[in-house]
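Residue numbers (the working numbering): 0 to 413. Data first, discussion second: the structure below is written as C-alpha cells.
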C-alpha cells in the first residue's frame, strides 16, 4: 500500500494549488493527488470563463473578498513568471436604466471596503474604453480584471509540483476510508492527512467523514456562446449589474485570453452532477436526490428559485440568449454567433436547513482531514491565497488534540 503524508482528492485548481502550497511549506513531505479523470482540470477548473476577478462583488466579511483581490494579483504574477498567456482587458459593469444605478453604488461601496480599484466612468469615458458599450448615465470600470487560459494554468501547476515530487494518480476515484486508509478503485492509500477538494462530489466525500451533514451540492449548468464573426466588436469584459442575493453574475461578455468574444454563462439547474450533455454520466440516485431538492426550492421559492429556473431554461433558446446580451451593446451582429461552447457545471452548495445557496467558501475539518465543501467562482482567481489559508487551517487542526467529528460536523471555518 502506498503511503503519503498528505493525500489530496481532486485535480482541479484547488487541489493543485493546495499541493503546491504544502510542498512549498514541507519540501520533504510525501504528497499525492488522486483524480478520477484521466488528467487535471476536466471539470469546473478547465471549463470556466478564464476571468480573473478583481474582488468587488463580495461583502467585506467574506473569504471571497479576502482572497479575490490578492488572488488576482498572485495569479497574474504566476502567469508572468511562467510565461503563460494573460489578457489584461479590464471589465465594465454597466446599467440599463435608473433602477440599476443603486446596484452600481453598492458595488462601488464593496470595492472601497475590500481595497479594490473600481473607477466611476461616465458615458463618454465608457465609450473611450469600449466604443460599443451601452450604459445608462455611468458605469464602473475595473482595470485589474484579466483573462487567462485555465487549462494552461492547471497544466503548468501540475508540471511544477510533479517536478518537485508530488505524485499524481489518474483514473483513481475515492471509494471510502478506513481510519487513515483511503480506498479507491485502484487500491488503498495510506495517508497522514486527507484533503477533500473533490468539487462536484466534495459533499459526498465529506459526509463519509462525518462533515458537511447540513449541506448538499446542487449543480448548475453554465453554457457560453462564441461570437465567431470577429474579435474586435467588443474590447473589454462587459457585465450587467448582478442580483447580489444570489451568486450568479448574469449573462455577460467575456474577452478570452486570445481576444475572442463569448457570452454567458447560464445558470441552468442541472439534474445530476455531471449533466453536461444528453445522458452522459447519468446516475439515477443523483437524479432523484437533486430533483427532490430542486422541487423543494421550486415549491418554497427560496431565493426566487422559480423565476431563476424559468429564466435560465429560456437561455437554451439561442435567440433569447443572444437578445439578453445585446442590451449592453450598441451594435452587434446577432447572426455572428457560432455554436455553444463546452458547458461547465457549478458545484453550488445548498444549506438543506435554510434552503439557501451558500455564497462563501466553506471548509470543515479536524486533525485528520479537511474538506473544501464550497469552492465556486471566483475560486480560480482566489486559488493561490486560498490554498495558503487551507494549509493554515490544517496546521491549526493538526496542532490541536485529535478529536472525532460529531454527527453534525465541526463549525464552518470563516
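Glycine included, C-beta positions come from ideal geometry on N, C-alpha and C.
Which full runs of the beta strand (DSSP E) of 3+ residues lie inside the stretch 203-270, going along the chain? 214-221, 224-226, 236-239, 251-254, 260-263
If we count the other Cβ atoms within 10 Å of its Cβ and call it buried at 16 or more, is residue 283 buried or exposed? The residue labelled residue 283 in the question sits at position 284 within the chain shown. Per the 10 Å Cβ criterion, exposed.
What is the rounded straight-line gap between the Cα of residue 207 and the Cα of residue 175? For the purposes of this step, residue 207 is taken as the residue at position 208 of the chain shown. For the purposes of this step, residue 175 is taken as the residue at position 176 of the chain shown. The straight-line gap from Cα to Cα measures roughly 7 Å.
Closest to residue 63 by CA distance: which of 390, 384, 265, 90 is it? Working through the chain shown from its first residue, we reach residue 63 at position 64. Checked all of 390, 384, 265, 90; the closest Cα to residue 63 is 384.
Using only the alpha-carbon positions, how far apart do residue 140 and residue 121 sit? Sequence index remark: in the chain shown, residue 140 carries index 141 (1-based). Sequence index remark: in the chain shown, residue 121 carries index 122 (1-based). Going from the Cα of residue 140 to the Cα of residue 121 covers about 10 Å.
Got a sec, what are the start and stop residues for the alpha helix (DSSP H) residue 184 sits in? Locating residue 184 in the chain shown gives position 185, where the first residue counts as 1. It is not in any alpha helix (DSSP H) - residue 184 carries neither H nor E in the DSSP assignment.
Could you tell me which residues DSSP puts in a beta bridge with residue 359? Counted from its first residue, the chain shown places residue 359 at position 360. Its beta-bridge partners do not exist; DSSP assigns none.
Measuring straight from C-alpha to C-alpha, what distance separates residue 473 and residue 153? Since the first and last residues shown for the chain are 0 and 413, residue 473 lies out of range.
Residue ranges of each beta strand (DSSP E) run of no fewer than 3 residues wholly in the stretch 94-167, ordered along the chain? 118-121, 137-141, 145-147
In whole angstroms, give me the CA-to-CA distance for residue 2 and residue 186. Taking the first residue of the chain shown as position 1, residue 2 is located at position 3. Taking the first residue of the chain shown as position 1, residue 186 is located at position 187. Between residue 2 and residue 186, the C-alpha separation is close to 12 Å.
Uninterrupted alpha helix (DSSP H) stretches inside the stretch 20-68 (no shorter than 4 residues): 43-46
Under 8 Å by Cβ, that's how I've got residue 115 and residue 54 pegged, so tell me the actual separation to the nearest angstrom. Locating residue 115 in the chain shown gives position 116, counting from the first residue. Locating residue 54 in the chain shown gives position 55, counting from the first residue. Sure, about 5 Å apart at Cβ, within 8 Å.
Exposure label - residue 82; buried when at least 16 CB within 10 Å: Within the chain shown, residue 82 is the residue found at index 83, counting from 1. The residue is exposed, with fewer than 16 neighbouring Cβ atoms inside 10 Å.
Excluding the 5 residues preceding and the 5 following residue 346 in the sequence, name in chain order all residues of the same chain whose CB lies nearer than 6 Å to its CB. In the chain shown, residue 346 corresponds to position 347, counting from 1. Within the same chain, residue 346 has close Cβ partners 198, 199, 216.
Below 8 Å, how does it come out for the stretch 29-36 and the stretch 158-177: are there three or more Cβ pairs, yes or no? yes
Counting C-beta neighbours from all protein chains within 10 Å, is the total for residue 193 16 or more, i.e. buried, or is it exposed? Reading the chain shown from its first residue, position 194 is the one you call residue 193. With 16 or more Cβ atoms within 10 Å of its Cβ, residue 193 is classed as buried.
Out of 191, 210, 324, 375, state which residue places its alpha-carbon closest to the alpha-carbon of residue 247. The residue given as residue 247 occupies position 248 in the chain shown. When only C-alpha atoms are compared, the closest one is 375.
Assign residue 25 to one of two classes, buried (16 or more other C-beta atoms within 10 Å of its C-beta) or exposed (fewer than that). Mapped onto the chain shown, residue 25 falls at position 26. Classification for residue 25: exposed.
For residue 80 and residue 164, I'd like the C-alpha separation in whole angstroms. On the chain shown, residue 80 is found 81 positions in, with the first residue counted as 1. On the chain shown, residue 164 is found 165 positions in, with the first residue counted as 1. Whole-angstrom Cα-Cα distance: 21 Å.
Measuring alpha carbon to alpha carbon, tell me which residue in 393, 271, 221, 235 is nearest residue 249. Residue numbering aside, residue 249 sits at position 250 when the chain shown is read from its first letter. When only C-alpha atoms are compared, the closest one is 221.
Where do the ends of the beta strand (DSSP E) carrying residue 170 lie? Against the chain shown, residue 170 aligns to sequence position 171. No beta strand (DSSP E) holds residue 170; DSSP gives it neither H nor E.
Which ranges does the beta strand (DSSP E) cover as unbroken runs of at least 3 residues, wholly within the stretch 294-343, from first to last along the chain? 336-339
Can you say whether residue 311 is buried or exposed, counting buried as having 16 or more other CB atoms within 10 angstroms of its CB? For the purposes of this step, residue 311 is identified with residue 312 of the chain shown, where counting begins at 1. Burial call: buried.
Quick one: what's got a C-beta closer than 8 Å to residue 85's C-beta in the same chain, skipping five residues either side? As a working mapping, residue 85 is identified with position 86 in the chain shown. So the list reads 75, 78, 79, 145, 146, 147, 256, once near-sequence residues are dropped.
According to DSSP, which residues form a beta bridge with residue 364? As a working mapping, residue 364 is identified with position 365 in the chain shown. In the DSSP output, where bridge partners are listed per residue, residue 364 has 369.
How many angstroms separate the CA atom of residue 331 from the CA atom of residue 181? Locating residue 331 in the chain shown gives position 332, counting from the first residue. Locating residue 181 in the chain shown gives position 182, counting from the first residue. Answer to the nearest angstrom: the Cα atoms are 53 Å apart.
Output yes or no for whether 8 Å exceeds the beta carbon distance between residue 228 and residue 322. Locating residue 228 in the chain shown gives position 229, counting from the first residue. Locating residue 322 in the chain shown gives position 323, counting from the first residue. No, they are not a contact pair.
Check this for me: beta carbons of residue 22 and residue 240, under 8 Å apart or not? Here residue 22 corresponds to residue number 23 of the chain shown, with the count starting at 1. Here residue 240 corresponds to residue number 241 of the chain shown, with the count starting at 1. No, these two residues do not count as a Cβ contact at 8 Å.
Buried or exposed, going by whether 16 or more other CB atoms sit within 10 Å of the CB of residue 188? Within the chain shown, residue 188 is the residue found at index 189, counting from 1. So residue 188 counts as buried.
Output the distance between the C-alpha atoms of residue 362 and residue 262, rounded to the nearest integer angstrom. On the chain shown, residue 362 is found 363 positions in, with the first residue counted as 1. On the chain shown, residue 262 is found 263 positions in, with the first residue counted as 1. So the alpha carbons of these two residues sit roughly 32 Å apart.
Can you tell me whether DSSP reads residue 391 as helix, strand or coil? Taking the chain shown and counting its residues from 1, the one referred to as residue 391 is at position 392. Residue 391: helix per DSSP, three-state reduction.
Kindly indicate which residue of 11, 125, 243, 37 has the alpha-carbon position closest to the one of residue 155. As a first step, residue 155 must be located in the chain shown, where it is residue number 156. Here the closest residue by C-alpha is 11.
Whole-angstrom Cβ separation of residue 366 and residue 341, contact assumed at under 8 Å? As a first step, residue 366 is located in the chain shown; it is residue number 367 there, counting from the start. As a first step, residue 341 is located in the chain shown; it is residue number 342 there, counting from the start. Incorrect: roughly 40 Å between the Cβ atoms, too far for contact.
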